[in-house]
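Under the working numbering, the residues of the sequence shown are numbered 36 to 433, in order.
We put the CB at the ideal spot given by N, CA and C, even for glycine.
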Amino acid sequence: MVKVKARGGRRRGGKNRGYFLVTGRGWVASDGKRQVALRTEDGERLKEGADAKAVKAAYERFRKAKAVEDARGLNRDRTPLLTVCEAYLRVCQQTDSNGTFERRQAFLWDFCTGLPERFKPKENGKPAKTPTAADRIHLGYGAKPVGELIKYDVVQWLQAHPKWTARGGQRFGVQALKRALNWATEMGLISANPIRGMKVASGKVRITYFTEEQEQAMYQHAQKRLGEAIYVCIRTGARYGCEFCRLTDRHVTFEGDDRMVWKFEPHESKTGRATGKPRIIRIRDPKVIAIVRRQLGWVPTGEPLFRNAVQRPWTGSAIRRAFSRLRKRLASKGVRLDDGACMYSCRHTFAKRTINGFWTGEKQNIETVAKLMGNSPAICRGYADFIDSYTEPLWDAV
């Protein structure tokens, strides 16, 4: 007779007492989601061979501990969403870049209050504007307990913003909310993320480039200060929001007449908080150096150097709006930019031109470009992708 090898797993038969023996693992009980090992008072696992009295006592300890944890979970799930979001943003402000913090703050403010960002309390202590019923975008979810939030609430939030695209506002909004809830779960503020598993639209890879003709057309039709901003960002590869707009005199040093360095401390840069490394931008373009020297001559110490037409410091949102107006102006003149072209395209243009030796005549490898841009080589390979307006290096190769 052929012997059949016994399989591991739960033993069959017997009454359902709430606990059972799993071959090879010992005595376990279910907490509703997974199997949890039963343990002695000393914390040791109850293995096969333990007497019935010890197993029953271990199960009673398990039930009491689970009841206490369930009660704690119910209390945590009554936490208002506004409390969770505010706690997360306080941490986000310390650990993430200014741009990341401001973007997440804007989405979570909208989610919790249902009001536009202009009604947010002012940092300078001035009273915020009083909204009217007509100003409200939606009712807001900040007062709702975390345990009552369902995924359809998030769907309704997104539907209240028809201009948000799946890969734009919708994606960033859901990401900000999920990060806040995941953080709160990890910290023990809530028992679980109620929208865990909710799908987020994948990000769209932006591959854009300004040709020499497009660049000259932008200078021709842009307001002077915007044209300078575009020129500086193309020649330096600086991120327009957290680097160009925030540059002050303390970030700038000169090495002779033809070399300039911008240095941002780790907490000031996009990637520095994670890597602990400063962001260093090396510049040899004479015109950029001259522009910075001019600004240093009159801008007060400690204030942003680059200004708009009315001599106010550029902000990320202001420069985005200005570029959007320029793009429409160019289209009316018959100048078409790449789909998705924006201020960040200046950084893409810098990467592509540097790799192919546009300014120096010497091609650079990805590792060198990554160092110049303050990014990883993997990210910079994406910047180097070819598009219809950037094929000249392919012709040079054949």
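Rounded to a whole number of angstroms, what is the C-alpha to C-alpha distance between residue i and residue j?
| i | j | result |
| --- | --- | --- |
| VAL39 | ALA227 | In this predicted model, VAL39 has a pLDDT of only 40, less than 50, meaning its place in the structure is not dependable; the value taken from the coordinates is given anyway. Distance between the alpha carbons of VAL39 and ALA227: 44 Å. |
| THR350 | ARG285 | 18 Å |
| TYR5 | LYS88 | Outside the shown range of the chain (36 to 433) lies residue 5, about which nothing can therefore be said. |
| GLY409 | VAL181 | 38 Å |
| LYS387 | ASN217 | 37 Å |
| SER352 | GLN140 | 14 Å |
| ALA366 | GLN205 | 27 Å |
| VAL345 | GLY262 | 15 Å |
| GLN255 | ARG342 | 19 Å |
| ILE340 | TYR266 | Residue identity differs from the one stated: residue 340 is Leu in this sequence, not Ile. Their backbone Cα atoms lie some 15 Å apart in a straight line. |
| ILE318 | THR395 | 13 Å |
| TYR275 | LEU193 | 28 Å |
| GLU303 | CYS277 | 8 Å |
| LEU25 | PRO197 | Residue numbering for the chain in the displayed model covers 36 to 433; residue 25 lies beyond these limits and cannot be assessed. |
| PHE245 | GLU221 | 44 Å |
| SER65 | CYS377 | 54 Å |
| SER132 | LYS161 | 25 Å |
| THR75 | VAL209 | 44 Å |
| ASN391 | ILE401 | 10 Å |
| ARG113 | LYS398 | 59 Å |
| SER411 | ALA100 | 47 Å |
| GLY337 | GLN191 | 44 Å |
| ASP293 | VAL327 | 12 Å |
| PRO301 | ILE316 | 13 Å |
| ALA252 | LEU361 | 10 Å |
| PHE55 | PRO156 | 57 Å |
| ALA405 | LYS312 | 14 Å |
| LYS4 | ALA169 | This structure cannot settle anything about residue 4, because the visible part of the chain is limited to 36 through 433. |
| GLY223 | GLU121 | 15 Å |
| ALA357 | GLY375 | 15 Å |
Along the chain, where does the beta strand (DSSP E) containing residue i start, and where does it finish?
| i | result |
| --- | --- |
| VAL327 | VAL327 -> not in any beta strand (DSSP E); alpha helix (DSSP H) instead, spanning 321-331. |
| ALA64 | 61-65 |
| THR288 | 287-289 |
| PHE55 | 54-57 |
| VAL71 | 70-72 |
Which stretch, first to last residue, makes up the alpha helix (DSSP H) that contains residue i?
| i | result |
| --- | --- |
| ILE315 | It is not in any alpha helix (DSSP H) - ILE315 instead sits in the beta strand (DSSP E) that spans 314-318. |
| PHE299 | First-last for PHE299: 295-299, but that is the beta strand (DSSP E), not the alpha helix (DSSP H). |
| VAL345 | No alpha helix (DSSP H) holds VAL345; DSSP gives it neither H nor E. |
| VAL267 | 259-271 |
| HIS256 | 247-256 |
| VAL190 | 186-194 |
Which term fits residue i, buried or exposed, when burial requires 16 or more other beta carbons within 10 angstroms of its beta carbon?
| i | result |
| --- | --- |
| THR296 | With the sequence shown as reference, residue 296 is identified as Val, and Thr is not the correct amino acid for it. Exposed, since its Cβ has fewer than 16 Cβ neighbours within 10 Å. |
| ILE269 | buried |
| ARG314 | buried |
| GLY417 | exposed |
| GLY49 | In this prediction, GLY49 scores a pLDDT of 41, lower than 50, which makes its location untrustworthy; the coordinate-derived value is nonetheless stated afterwards. Classification of GLY49: exposed, given that the 10 Å Cβ count is below 16. |
| MET281 | Checking the sequence, you will find Arg at residue 281 rather than Met. ARG281 should be labelled buried. |
| THR174 | Note that residue 174 is Leu in the sequence shown here, rather than Thr. LEU174 is exposed by the Cβ-count criterion. |
| THR310 | exposed |
| SER380 | buried |
| MET233 | exposed |
| THR165 | exposed |
| GLY203 | exposed |
| VAL189 | buried |
| LEU382 | Correcting the residue identity first, residue 382 is Arg in this sequence and not Leu. It is buried - the Cβ of ARG382 has at least 16 other Cβ atoms within 10 Å. |
| ALA264 | buried |
| THR148 | buried |
| TRP333 | exposed |
Thinking C-beta only, is residue j closer than 9 Å to residue i?
| i | j | result |
| --- | --- | --- |
| VAL57 | ILE225 | no |
| THR135 | LYS305 | yes |
| PHE146 | TYR176 | yes |
| THR7 | ARG329 | It is not possible to answer for residue 7, since the shown part of the chain is limited to 36 through 433. |
| LYS259 | ILE230 | no |
| GLY53 | TYR94 | yes |
| GLY272 | PHE154 | no |
| LYS298 | THR288 | yes |
| ALA201 | ILE172 | no |
| ARG138 | ALA211 | yes |
| LEU73 | GLY84 | no |
Beta carbon of residue i: closer than 8 Å to some heavy atom of the ligand PLP?
| i | result |
| --- | --- |
| THR306 | By its list of ligands, the structure shown contains no ligand whatsoever, and the ligand PLP lies outside what it can speak to. |
Runs of alpha helix (DSSP H) wholly within the region 204-244 (minimum 4 residues, chain order)
204-221
Whole alpha helix (DSSP H) elements within the region 106-183, 4-residue minimum
116-130 and 133-148
Which runs of the alpha helix (DSSP H), 4 residues or longer, sit entirely within the region 349-432?
351-367, 380-390, 401-408, 412-418 and 427-431
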